[in-house]
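Quick mapping for you: the protein sequence lines, in order, are chains A and B. 2 is the number of the first residue of the first sequence in our numbering; add one for each residue after it. 8 is the number of the first residue of the second sequence in our numbering; add one for each residue after it. Notes follow once the structure below has been shown.
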Amino acid sequence: MCETILEVKHLSKTFGENEILKDINFTVKKGEVISVIGSSGSGKSTMLRCLNLLETPTSGEILYHGNSITDKKFDVRRYRAEVGMVFQSFNLFDNMSALKNCCIGQIKVLKRTKKQAEEIALQYLDKVGMTQYINARPSQLSGGQKQRVAIARALAMDPEIILFDEPTSALDPEMVGEVLSVMTALAKSGLTMVVVTHEMSFARDVSDRVVFMDGGIILEEGTPQQIFTNPNNQRTRQFLSRMLSEQKQN
Amino acid sequence: MKRVFAVVVLVVLAVALFGTLLTSTGVAYAVSSADDLQSVQSSGVIKIGMEAGYAPYNYRQTTDANGAVAIANQNGEFANGYDVKVAKYIAEKMGVTLEVHALEWDSLINALNAGTIDAIIAGMSPTEERKKSIDFSDKYYESNLVIVVRKDGNYANATQLSDFTNANIVAQRGTFHVDALAQIREVNDSVQYDTFPLMITALKSKTIDGYVAEEPGAISDCAANSELMYIDLKNNENGFATSEGDTQLAIGLRKGSSLTATINEILATLSEDQRAVMMDEAIEQQPVESVELGFFGNIGYILGKYWLRILQGVGTTILVSIIGTIVGLAIGLLVGFLRTLPQSRTKAGKIWQRVYNFLLSAYVEIFRGTPMMVQAMVIYWGYATLSGGITMNTFVAALLIVSVNTGAYIAEIVRGGINSLDKGQFEGASAIGMSHWQTMFSVILPQTIKNILPAVSNEFVINIKDTSVLSVLAGFIDLFAVGNIIILGTYRTFEAYLIISVVYFALTFSITRILRLCERKLKGKANYTLYNSDIVSAQQTAKGE
Chain A
2 MCETILEVKH LSKTFGENEI LKDINFTVKK GEVISVIGSS GSGKSTMLRC LNLLETPTSG
62 EILYHGNSIT DKKFDVRRYR AEVGMVFQSF NLFDNMSALK NCCIGQIKVL KRTKKQAEEI
122 ALQYLDKVGM TQYINARPSQ LSGGQKQRVA IARALAMDPE IILFDEPTSA LDPEMVGEVL
182 SVMTALAKSG LTMVVVTHEM SFARDVSDRV VFMDGGIILE EGTPQQIFTN PNNQRTRQFL
242 SRMLSEQKQN
Chain B
8 MKRVFAVVVL VVLAVALFGT LLTSTGVAYA VSSADDLQSV QSSGVIKIGM EAGYAPYNYR
68 QTTDANGAVA IANQNGEFAN GYDVKVAKYI AEKMGVTLEV HALEWDSLIN ALNAGTIDAI
128 IAGMSPTEER KKSIDFSDKY YESNLVIVVR KDGNYANATQ LSDFTNANIV AQRGTFHVDA
188 LAQIREVNDS VQYDTFPLMI TALKSKTIDG YVAEEPGAIS DCAANSELMY IDLKNNENGF
248 ATSEGDTQLA IGLRKGSSLT ATINEILATL SEDQRAVMMD EAIEQQPVES VELGFFGNIG
308 YILGKYWLRI LQGVGTTILV SIIGTIVGLA IGLLVGFLRT LPQSRTKAGK IWQRVYNFLL
368 SAYVEIFRGT PMMVQAMVIY WGYATLSGGI TMNTFVAALL IVSVNTGAYI AEIVRGGINS
428 LDKGQFEGAS AIGMSHWQTM FSVILPQTIK NILPAVSNEF VINIKDTSVL SVLAGFIDLF
488 AVGNIIILGT YRTFEAYLII SVVYFALTFS ITRILRLCER KLKGKANYTL YNSDIVSAQQ
548 TAKGE
């Protein structure tokens with residue numbers, strides 16, 4: 002539980018004149034499940050996208066096992082293969098079946114044989130309960146089904162850590178449950194996860210640590226118990242009371 | 008704003024480049040005309056250019072009857088006529104083989120200067136204007152101007168030029184006939200005609216009242232078309248005033264050509280009587296039926312005589328369109344792909360990227376911004392001029408032009424297709440560590456190709472029609488060029504083009520249907536099979552073994 006996988010130091014990101022992230026510092030340790038919460042536009046997703054270089058940090062450092070990922074000699078592709086990502090909009094390959102979606106990265110990046118890749122893919126598709134749909138195209142699946150395939154695709158790469166970027170935000174309410182239960186099972190199996198989410202129940206009940214972001218900075222960070230029962234910051238309190246009352250209504 | 012400026016600069020540069028290429032080579036051709044005689048003798052072949060569409064001087068037939076000579080650049084066509092007889096005579100005296108090239112009237116002098124042919128024997132008069140760009144031999148025929156009219160028209164009884172003051176008389180564009188026409192009334196060059204068959208058709212359909220011709224030509228035309236006659240103004244002081252340089256016909260040669268002296272010596276051995284006999288034979292042997300068949304009769308006659316040529320034309324048109332579209336698609340994918348590469352991380356990479364992006368957009372802009380017909384002329388004649396007379400095979404040239412042109416259009420279609428894909432497709436691939444190439448080949452291109460297929464098949468249909476402009480490349484016999492050949496052989500312009508247009512329509516219509524069917528097939532099944540988990544686990548265990 003003590004080995005540090007990712008260490009973010011003084012990370013900032015600007016788009017033109019807008020400073021989206023200001024001096025972000027935090028670490029991810031092996032086996033940790035971290036939930037990042039905060040209102041829309043607070044910089045949660047941008048931070049997550051900086052972690053696997055879908056966005057290039059403007060300044061600051063991100064260390065992966067002590068190596069800076071923005072270093073020119075750093076092997077970005079290998080890093081990305083080891084750091085999985087699950088998107089809000091699934092981003093499954095529309096021209097491939099569910100099975101092929103889970104195989105292509107293994108074959109092209111990890112150089113596994115087709116047979117190996119299919120075995121592993123089937124194993125993870127089974128884990129997310131999608132074995133029946135291995136031949137379906139993304140356009141033939143529901144949102145929840147797509148997201149489960151996307152999770153299987155990330156898992157099939159045997160990643161050290163998976164980043165979740167609001168994985169349930171684009172789903173119909175009745176499909177949120179199926180994805181969350183898959184994620185909960187993953188968390189319990191010891192996978193290291195960083196989850197940007199609006200699902201307060203997940204943040205409270207499943208994660209080891211909760212990070213609250215506001216206006217591009219990390220305002221508060223602590224165990225779920227600390228954050229949900231005794232937040233230090235006024236903004237955290239406001240946000241949580243609003244979110245919890247909304248989700249109760251649903 | 009910056010982009011607009013860049014495009015303007017680019018176009019100016021491209022135009023300047025083409026300009027310098029052409030002018031610099033226009034002065035000093037790669038061929039040295041002083042070696043003409045030697046090169047003809049050493050190769051054992053003399054290449055003669057003519058229209059093969061100006062009876063009785065030169066016309067075409069479908070067999071080698073009456074000593075006709077195969078046209079070197081048009082498979083299956085034979086040339087005959089007075090010019091061919093003179094050319095044979097010259098070749099024989101020189102002890103070399105005669106090779107006849109059929110070329111458009113306007114491109115004869117170009118072809119000569121580019122070295123594609125060694126001499127022009129095409130019923131051409133040595134006018135002052137032409138003497139500026141080429142030399143001429145001594146005359147090989149002298150004729151006089153007449154006016155061809157309808158027997159049943161208002162001008163059948165005309166005797167002098169002034170009788171034609173109010174008549175709609177035309178002449179072949181680019182000939183001294185147009186200047187002679189000015190002796191009747193003011194001439195508007197834009198209403199003149201390009202070929203004699205067209206003027207004959209116009210006269211027969213009463214669009215015009217008559218046309219200017221040289222007497223041998225008039226005799227041929229009237230022999231082939233029973234409703235026509237010609238007004239001879241030869242011994243009439245009220246006839247056309249012409250200079251010797253106009254009514255004489257001479258052989259066109261490159262400036263300073265060493266062939267000129269040899270040819271003059273040979274012409275000197277050809278007596279007036281021999282020339283007259285040759286001309287009579289040429290008129291007599293002209294293979295044009297003068298029977299009147301009526302509209303349906305004409306259609307039947309053309310189909311009966313030319314069905315094989317029409318089929319060959321269809322084959323050429325489809326082949327060039329298909330290959331051109333496929334190669335164009337490959338070019339378009341490559342260009343579209345290069346233009347959507349992410350920005351390089353190194354400085355040298357960035358510069359290199361700028362350079363090729365500039366070149367690629369220059370390619371796309373230039374080929375989309377100029378007519379394909381003009382591109383064909385620039386590429387074909389540019390190559391012939393720069394290489395010193397080596398011409399491309401016209402089929403290869405046509406393929407090249409269609410491919411490159413289609414490539415420019417498809418490059419833009421591809422770029423649009425790639426840009427219209429959801430950004431998530433790229434991100435999804437990046438996030439599992441796939442390289443740009445892997446992403447492109449496995450994820451982006453398959454989807455792009457599927458999306459752009461309707462646009463590409465549209466390009467294919469457009470190509471079927473637009474390849475017709477490539478008939479400016481003499482020797483490229485597509486469906487449209489077959490139409491022109493039919494007219495040169497039958498003088499039935501309307502019926503020929505009508506048949507050709509029906510065939511074009513049948514082609515595009517049926518191909519559109521077929522392509523639509525293919526697109527529907529490609530969309531794939533709407534269903535997928537649900538796997539029973541038992542089957543899957545069974546498979547898994549099987550695989551695990």
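Note that beta-carbon positions come from the ideal geometry of N, C-alpha and C, so glycine has one too. In this text the structure is predicted, and so the values were computed from the model without any measurement.
> If you run the structure through DSSP and keep just helix, strand and coil, what is R236 of chain A?
Replying inline: helix
> Helix, strand or coil: how does DSSP classify W430 of chain B here?
Replying inline: Note on identity: in this sequence residue 430 of chain B is Lys, with Trp being the wrong assignment. Helix.
> Can the beta-carbon of I124 of chain B be found less than 7 Å from the beta-carbon of H108 of chain B?
Replying inline: yes
>> Tell me which residue opens and which closes the beta strand (DSSP E) that V155 of chain B is part of.
In response: 152-157
> CA-CA distance, I425 of chain B and Q432 of chain B?
Replying inline: 10 Å
> What's the C-alpha gap between Q48 of chain B and R261 of chain B?
Replying inline: 16 Å
>> Just to confirm before moving on: does the CB-CB distance between Y64 of chain B and V155 of chain B stay below 7 Å?
In response: no
> So is Q360 of chain B in contact with chain A if we call contact Cβ pairs under 7 Å?
Replying inline: no
> Which class does E106 of chain B belong to by DSSP, given the choice of helix, strand or coil?
Replying inline: strand
> On the three-state DSSP scale, how would you describe E84 of chain B?
Replying inline: coil
> Where does T28 of chain A fall in DSSP's three states?
Replying inline: strand
> What is the C-beta distance between Y1 of chain A and I6 of chain A, in whole angstroms, given that I count them as a contact (C-beta under 8 Å)?
Replying inline: Lying outside 2 to 251, the shown extent of chain A, residue 1 of chain A is not represented and no answer is given.
> Does DSSP put K100 of chain B in a helix, in a strand, or in coil?
Replying inline: helix
> What are the start and end residues of the beta strand (DSSP E) that includes Q630 of chain B?
Replying inline: A query on residue 630 of chain B cannot be resolved here, the shown segment of chain B reaching from 8 to 552 and no further.
> Should W112 of chain B be labelled buried (16 or more other beta-carbon atoms within 10 Å of its own) or exposed?
Replying inline: buried
>> Assuming the contact rule is C-beta atoms closer than 8 Å, V253 of chain A and K73 of chain A should be a hit. Round their C-beta distance to whole Å, please.
In response: Past the boundaries of the shown model lies residue 253 of chain A; chain A is included only from 2 to 251, so the question cannot be answered.
> Less than 7 Å separating the beta-carbons of Q293 of chain B and Y66 of chain B?
Replying inline: yes
> Rounded to the nearest angstrom, how far is the Cβ of V409 of chain B from that of G331 of chain B, given a contact under 8 Å?
Replying inline: 3 Å
> Tell me which same chain residues have a C-beta within less than 7 Å of the C-beta of L336 of chain B, skipping the five on either side of it?
Replying inline: I417, V463
>> Just to confirm my understanding: we take A35 of chain B, look at its own chain, exclude 5 residues before and 5 after, and list those with CB closer than 6 Å. What are they?
In response: Residue placement at A35 of chain B is poorly supported in this model, since its pLDDT is 39, which falls under 50; the coordinates are not used for a value here.
> Does the beta carbon of V450 of chain B come closer than 7 Å to any beta carbon on chain A?
Replying inline: yes
>> Can you list, in chain order, the residues of its chain with a C-beta nearer than 8 Å to that of L123 of chain A? Leave out the 5 residues immediately preceding and following it.
In response: L100, T132, I135
> By the 10 Å Cβ neighbour count, where 16 or more other Cβ atoms means buried, how is P349 of chain B classified, buried or exposed?
Replying inline: exposed
> Does the segment 8-19 of chain A come close enough to the segment 171-181 of chain A to have 3 or more Cβ pairs within less than 8 Å?
Replying inline: no
> Quick one: complete beta strand (DSSP E) runs, 3+ long, within the segment 154-226 of chain B?
Replying inline: 217-221
> So, is the C-beta of H109 of chain A closer than 7 Å to a C-beta in chain B?
Replying inline: The sequence shown places Lys at residue 109 of chain A, rather than the His named in the question. Yes, contact with chain B.
> Where K115 of chain A and I25 of chain A are concerned, what is the direct C-alpha to C-alpha distance, given to the nearest angstrom?
Replying inline: 41 Å
> Where does S250 of chain B land, buried or exposed, given buried means 16+ other C-beta within 10 angstroms?
Replying inline: exposed
>> Taking 6 Å as the limit between beta carbons, can you name the residues of its chain near D209 of chain A, skipping five residues before and five after?
In response: E33, V34
> When every heavy atom of the ligand HEM is checked, does at least one fall within less than 6 Å of the C-beta of A129 of chain B?
Replying inline: Among the components of this structure there are no ligands whatsoever, and the ligand HEM is therefore not found.
> Can you give the Cα-Cα distance for I456 of chain B and L522 of chain B, rounded to whole angstroms?
Replying inline: 14 Å
> Can you check whether the CB of A187 of chain B is closer than 7 Å to the CB of T392 of chain B?
Replying inline: no
>> I'd like to know whether the C-beta atoms of G490 of chain B and A503 of chain B end up nearer to each other than 7 Å.
In response: yes
> From L460 of chain B to G320 of chain B, what distance separates their C-alpha atoms?
Replying inline: 27 Å
> Buried or exposed: where does G33 of chain B fall if 16 or more other Cβ atoms within 10 Å of its Cβ makes it buried?
Replying inline: The predicted model places G33 of chain B with a pLDDT of 39, which falls under 50 and marks its position as unreliable; any figure quoted below should be read in that light. With fewer than 16 other Cβ atoms within 10 Å, it is exposed.
>> Does K139 of chain B pass the burial test, meaning 16 or more other C-beta atoms within 10 Å, or should it be called exposed?
In response: exposed
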